[in-house]
Amino acid sequence: GMFGGRAWFHLQQKPDGSIAYDEAGAWRAVEMLEAFVNRWLEANEMGGTPVIVAGFSQGAMMSHALLHRGNVPVRAVLGLSGRSVAPDSPGASAPSWMDGVPVFVSHGVHDPIIPIENARAVRDYYAGTGVELTYNEYDMAHEVNAACLEDARSWAAGVIERTPASR
């Protein structure tokens with residue numbers, strides 16, 4: 065990727081420093097991830113077992129998309145410093161399979177890469193759905209600081225605690 069890391073799909077920096085992304089490429093990446101997750105579950109005789117999806121930045125976008133599309137059994141979503149690839153209008157066609165799914169969204173108020181407005185749009189979208197949303201803003205940039213990490217860790221521990229053991 066442009067920042068020397070790996071990327072799920074192509075990014076471009078706009079003149080204001082924020083990031084534009086290749087939407088068609090993003091959806092292709094989502095489809096590939098869905099196929100991978102479902103193949104992995106089948107290969108391990110766990111077909112249909114709900115999974116916790118988590119990611120940072122593009123990974124958060126991928127995680128939100130997996131929940132929204134419903135082609136993978138999602139138990140919970142942890143999205144750090146991302147944005148939505150789902151419809152931006154709050155509650156737009158919120159599918160019923162999202163009901164009761166725990167979702168953790170965190171973002172830095174000083175994020176120069178994905179501005180905080182993107183996180184607030186994700187929050188507003190989820191507010192119109194049946195998810196169990198935890199939304200937090202932090203005094204940080206495009207990163208995961210200690211406070212965010214601790215909140216994410218305890219949220220995930222709570223989700224795992226409430227998840228029935230499979231088989």
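This note's numbering applies: residue 65 is where the sequence shown begins, and numbers increase by one. No residue lacks a Cβ here, since even glycine has one placed at the ideal position from N, Cα and C.
- Looking at the DSSP output, THR198 bridges to PHE168.
- Of the other Cβ atoms in all chains shown, 16 or more fall within 10 Å of the Cβ of ILE178; this residue is therefore buried.
- Residues of the same chain with a CB within less than 7 Å of the CB of VAL101, apart from the 5 flanking positions on each side, are VAL115 and VAL136 in chain order.
- With distances taken between CA atoms, ARG147 lies nearest to ASN182 out of ASN182, GLY222 and LEU213.
- In this chain, the beta strand (DSSP E) harbouring ALA118 covers 115 to 120.
- When C-alpha distances from ALA93 are compared across ARG103, LEU130 and ALA140, the shortest belongs to LEU130.
- About 28 Å separates the Cβ atoms of GLY194 and ASP175, ruling out a contact at the 8 Å cut-off.
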